[in-house]
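> The structure is given below, and queries will be raised subsequently.
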Amino acid sequence: MKITYDPKYHALYPKLGTYNPQHTIACRDKETSLRKPHPRHRKDYKKASVCMPDREKYKRLVARMKYYGYSEEEIFSAILLLQDLDQGNIKNLDGFYNILMERLENKEQYLDIWIEGKTALTLAFNNFNVTYNPLGNGPDLLAEDFGHQLYVEVKRYREDWLTRRKLEEATEKGTKYGRGQRDVEKLIGDVLKKTSQLPRGEIDIVFIRSDNITIEEVDFKLAMHDFDEMVRSNPVYRGISGILFDSGWVNIRTGQRFYLHLNPQAEKPLSLVLAERLRNLEEPPPHSRDEIPFLMNYLGMN
2 MKITYDPKYH
12 ALYPKLGTYN
22 PQHTIACRDK
32 ETSLRKPHPR
42 HRKDYKKASV
52 CMPDREKYKR
62 LVARMKYYGY
72 SEEEIFSAIL
82 LLQDLDQGNI
92 KNLDGFYNIL
102 MERLENKEQY
112 LDIWIEGKTA
122 LTLAFNNFNV
132 TYNPLGNGPD
142 LLAEDFGHQL
152 YVEVKRYRED
162 WLTRRKLEEA
172 TEKGTKYGRG
182 QRDVEKLIGD
192 VLKKTSQLPR
202 GEIDIVFIRS
212 DNITIEEVDF
222 KLAMHDFDEM
232 VRSNPVYRGI
242 SGILFDSGWV
252 NIRTGQRFYL
262 HLNPQAEKPL
272 SLVLAERLRN
282 LEEPPPHSRD
292 EIPFLMNYLG
302 MN
């Protein structure tokens, strides 16, 4: 079977020539029994190994997602994420898979777990070695590289359809609608709640990722100003090293997508090198829809 991939969409995979669908030894070197290097960046395409998921495991995922009414696009999104995480050598991937399966009954809870996996992939793409749920009961991720060890608690802001509708109605009428202070208060409250899930005495961050178009970098910056005031008056919040916000889009003027706020009173502050790496994170390019027929055939969904 000859499969052609468009390389501009695939930072995590080589351009494939031929692939034997019976090959299921998922990225292992027979001589060393070690995983081959993860193709971290575009320049590493040719160094990458071809890796496909455990077919039966993914068939169970597909069947369960169909049972709960997930769309074909959502199903393939889950499969591709798991495939990427496997190719990225994410540790405790079975733990992630099991939790993902458990949360399928509630789509919002499922998406909360999905974004944790997406965050693990983002960090792996940027040369971190990532472990999912490293301590068994929070935080969500452990990222390590070049002597750095960083615990990450992920917070997803769910899409606020009521506010979106009000914004659209206000725009059509030419009037203003906003709730900036509410967003600021919610950001602060959620960050403070997440601190309880981070280990004390370690370098750690809360990573905020939003489906919600009403929460923007300006809200984040205002919230962080208030957060600093709270930290000064309450030592319990000094255990958090920083807060990273993914705005979901790249600011054309500044070139920024990720915004990092350092806790000025942190017990374990982020190093300048690590802080700069977090500010300059890059997202893996999206997959091509050309992969869907191949995956359908591989999983027997034709």
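All residue numbers for the sequence shown refer to the numbering used here, where the first residue is 2 and numbers rise by one.
Just so it is clear, CB atoms sit at the ideal spot from N, CA and C, and this is done for glycine as well.
Are the Cβ atoms of residue 207 and residue 156 separated by less than 7 Å?
As a position in the sequence shown, residue 207 is number 206, starting the count at 1. As a position in the sequence shown, residue 156 is number 155, starting the count at 1. Going by C-beta atoms, residue 207 is nearer than 7 Å to residue 156.
> What are the uninterrupted segments assigned as beta strand (DSSP E) that are 3 or more residues long and contained completely in the stretch 215-254, given in chain order?
Qualifying beta strand (DSSP E) stretches, in chain order: 243-247.
> Where in the stretch 98-158 do unbroken runs of the alpha helix (DSSP H), each at least 4 residues long, occur, reported from the N-terminal end onward?
Here the runs fully enclosed are 108-126.
> Residue 61: buried (16+ other C-beta within 10 angstroms of its C-beta) or exposed?
Taking the first residue of the sequence shown as 1, we reach residue 61 at position 60. That one is exposed.
> Is residue 107 buried or exposed, if buried means 16 or more other CB atoms sit within 10 Å of its CB?
Residue numbering aside, residue 107 sits at position 106 when the sequence shown is read from its first letter. Exposed.
> Please classify residue 95 as buried or exposed, where buried requires at least 16 other C-beta atoms within 10 Å of its C-beta.
Position 94 of the sequence shown holds residue 95. Exposed, because fewer than 16 other Cβ atoms sit within 10 Å of the Cβ of residue 95.
> So residue 262 and residue 302 are in contact, right, with Cβ under 8 Å, and what is the actual spacing, rounded?
Taking the first residue of the sequence shown as position 1, residue 262 is located at position 261. Taking the first residue of the sequence shown as position 1, residue 302 is located at position 301. At roughly 44 Å, the Cβ-Cβ gap does not stay under 8 Å, so residue 262 and residue 302 are not in contact.
> Is the separation between the beta-carbon of residue 247 and that of residue 210 shorter than 7 Å?
What you label residue 247 is simply residue 246 of the sequence shown in a count that begins at 1. What you label residue 210 is simply residue 209 of the sequence shown in a count that begins at 1. Taking 7 Å as the Cβ cut-off, residue 247 and residue 210 qualify as a contacting pair.
> With DSSP as the reference, label residue 269 as helix, strand or coil.
The residue given as residue 269 occupies position 268 in the sequence shown. Here residue 269 sits in coil by DSSP.
> Once you ignore the five residues that flank residue 1 on each side, which residues in its own chain have a CB closer than 8 Å to its CB?
It is not possible to answer for residue 1, since the shown part of the chain is limited to 2 through 303.
> Does the distance from the CB of residue 189 to the CB of residue 227 come in under 7 Å?
For the purposes of this step, residue 189 is taken as the residue at position 188 of the sequence shown. For the purposes of this step, residue 227 is taken as the residue at position 226 of the sequence shown. Against a cut-off of 7 Å, the Cβ pair of residue 227 and residue 189 comes out as a contact.
> What residue range is occupied by the uninterrupted alpha helix (DSSP H) comprising residue 289?
Within the sequence shown, numbered from 1, the residue matching residue 289 stands at position 288. Note, residue 289: premise wrong, no alpha helix (DSSP H); not H, not E.
> In three-state terms, what does DSSP make of residue 69?
Residue mapping note: residue 69 aligns to position 68 of the sequence shown, counting from 1. DSSP places residue 69 in coil when its eight states are reduced to three.
> To the nearest angstrom, report how far apart residue 278 and residue 158 are at their CA atoms.
Sequence index remark: in the sequence shown, residue 278 carries index 277 (1-based). Sequence index remark: in the sequence shown, residue 158 carries index 157 (1-based). Between residue 278 and residue 158, the C-alpha separation is close to 23 Å.
> Where do the N-terminal and C-terminal ends of the beta strand (DSSP E) with residue 91 fall, by residue?
Within the sequence shown, the letter at position 90 stands for residue 91. No beta strand (DSSP E) contains residue 91, which DSSP labels as neither H nor E.
> So, helix, strand or coil for residue 201, using DSSP?
Along the sequence shown, read from residue 1 onward, the residue named residue 201 stands at position 200. It is coil, neither helix nor strand.
> For residue 210, name the three-state secondary structure that DSSP assigns.
In the sequence shown, residue 210 corresponds to position 209, counting from 1. Here residue 210 sits in strand by DSSP.
> Can you give me the Cβ contacts of residue 298 inside the same chain, cut-off strictly under 6 Å, excluding the 5 residues immediately before and after it?
Counting from 1 along the sequence shown, the entry for residue 298 is found at position 297. Once the five neighbours on either side are set aside, residue 298 has no close Cβ partner at all.
> Compute the Euclidean distance between the alpha carbons of residue 147 and residue 128, then round it to the nearest angstrom.
For the purposes of this step, residue 147 is identified with residue 146 of the sequence shown, where counting begins at 1. For the purposes of this step, residue 128 is identified with residue 127 of the sequence shown, where counting begins at 1. The alpha-carbon atoms of residue 147 and residue 128 are separated by roughly 9 Å.
> Answer with buried or exposed for residue 255, where buried requires no fewer than 16 other C-beta atoms within 10 angstroms of its C-beta.
The residue labelled residue 255 in the question sits at position 254 within the sequence shown. Counting Cβ neighbours within 10 Å, residue 255 comes out exposed, since fewer than 16 surround it.
> How far does the beta strand (DSSP E) with residue 261 in it reach, from first residue to last?
In the sequence shown, counting from the first residue as 1, residue 261 sits at position 260. That run of the beta strand (DSSP E) goes 259-263.
> My assumption, with CB atoms under 8 Å, is that residue 187 sits in contact with residue 132. Please give the rounded CB distance.
Residue 187 sits at position 186 when you count from the first residue of the sequence shown. Residue 132 sits at position 131 when you count from the first residue of the sequence shown. With a Cβ gap of about 29 Å, residue 187 and residue 132 do not count as contacting.
> To the nearest angstrom, report how far apart residue 118 and residue 97 are at their CA atoms.
Here residue 118 is taken as the residue at index 117 of the sequence shown, counted from 1. Here residue 97 is taken as the residue at index 96 of the sequence shown, counted from 1. Whole-angstrom Cα-Cα distance: 7 Å.
> Return helix, strand or coil for residue 283, following the three-state DSSP convention.
Residue 283 sits at position 282 when you count from the first residue of the sequence shown. Residue state, collapsed to three classes: coil.
> For residue 249, I'd like the list of residues in its chain whose CB is within less than 7 Å of its CB, leaving aside the five on either flank, ordered along the chain.
Against the sequence shown, residue 249 aligns to sequence position 248. Only 211 meet the Cβ criterion.
> Please classify residue 253 as buried or exposed, where buried requires at least 16 other C-beta atoms within 10 Å of its C-beta.
Translated into the one-based positions of the sequence shown, residue 253 becomes position 252. Classification for residue 253: exposed.
> Do residue 123 and residue 284 have their C-beta atoms within less than 7 Å of each other?
Position 122 of the sequence shown, counting from 1, holds the residue named residue 123. Position 283 of the sequence shown, counting from 1, holds the residue named residue 284. Yes.
> In this structure, does DSSP put residue 55 in helix, strand or coil?
Indexing the sequence shown from 1 puts residue 55 at position 54. In this structure, residue 55 counts as coil in the three-state DSSP scheme.
> Among 258, 264, 251, which has the Cα closest to the Cα of residue 205?
One-based indexing of the sequence shown puts residue 205 at position 204. Considering only alpha carbons, the answer is 264.
> Output the distance between the C-alpha atoms of residue 245 and residue 120, rounded to the nearest integer angstrom.
Numbered from 1 along the sequence shown, position 244 holds the residue referred to as residue 245. Numbered from 1 along the sequence shown, position 119 holds the residue referred to as residue 120. Going by the C-alpha atoms only, they are around 12 Å apart.
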